[in-house]
Ligand code: HEM
Ligand code: HEM
């Protein structure tokens with residue numbers, strides 16, 4: 001039975017990164033309306049950089065194993081949607097922190113890792129067009145990620161509560 005589950009490392013990384021990404025989507029979207037009350041962006045940046053480090057480790061680890069076999073009830077179409085969604089989630093888990101790092105490097109505020117030590121800025125000046133582009137991509141990708149996470153969670157809940165198969169339990 002145990003070989004039908006994702007391995008322990010994959011499950012741990014999945015849930016740690018999921019929590020951090022959900023917190024960061026919320027911090028990113030709330031920072032503007034709450035700007036006068038609390039500064040959320042320094043925490044947002046440090047959590048985002050943590051996601052970058054963990055995702056690089058996760059992808060390296062992911063390349064060393066194959067996913068457990070699909071339950072028989074999953075159709076080829078559903079597999080295609082799942083594999084595409086997972087791939088795009090990996091792309092966004094890298095692209096959001098990287099674009100954030102790029103345009104924040106051009107900003108006036110210092111970058112730190114939870115205030116513990118300085119995080120290096122990339123050599124990008126304020127008037128470099130890459131900074132503006134990275135900022136726009138960050139914003140658009142943030143909303144794309146929100147949409148994909150909602151789709152992904154609805155799919156997991158559908159498997160668990162409607163189809164009553166093992167898909168959610170094998171990631172738990
Ligand atoms: C999991 C990683 C991340 C996610 C899901 C994420 C998501 C978001 C979202 C949804 C927004 C609101 C849209 C906007 O105002 O542009 C935002 C804003 C922002 N993000 Fe991120 N982000 C991540 C990582 C980072 C990193 C690593 C940095 C910098 C080192 C960063 C810097 C910023 C800044 C400065 C803003 C405010 C932009 C503004 O007000 O114009 N983000 N982020
Ligand atoms: C921001 C949040 C999340 C991200 C970025 C994310 C990302 C991913 C990725 C990339 C995979 C593919 C794993 C692989 O094969 O390498 C995956 C699988 C999975 N995720 Fe998430 N996830 C998130 C939240 C959630 C939540 C909240 C749930 C449950 C309600 C969930 C349930 C699952 C399940 C059941 C699988 C296994 C699907 C399968 O067996 O094919 N995820 N997730």
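Residue numbers (the UniProt record's numbering): 1 to 172. Every residue, glycine too, gets a C-beta built ideally from N, C-alpha and C. Just so we're clear, the structure is a prediction, and the values are computed from it rather than from any experiment.
Item	Value
Secondary structure of residue 2, DSSP reduced to three states	Its pLDDT being 44, under 50, residue 2 is placed unreliably by the model, and the measurement read from it follows with that caveat. It is helical.
Candidates 4, 132, 5, 16: closest to residue 93 by CA position	16
Whole-angstrom distance between residue 113 and residue 31, CA atom to CA atom	19 Å
Strand pairing of residue 118, partner residues [DSSP]	112
Boundaries of the alpha helix (DSSP H) in which residue 55 is found, first to last residue	41-62
Reduced DSSP secondary structure (H/G/I, E/B, other) of residue 37	coil
Proximal residues to residue 148 (C-beta, below 8 Å), its chain only, five neighbours per side dropped	85, 88, 89, 92
Closer than 7 Å: residue 89 CB and nearest ligand 1 heavy atom	no
Identity of the residue in 156, 127, 33, 12 nearest residue 81 by Cα	156
Residue 71 and residue 167 closer than 8 Å at C-beta	yes
7 Å CB neighbourhood of residue 106 in its chain, flanking five on each side removed	124, 125, 126, 128, 131
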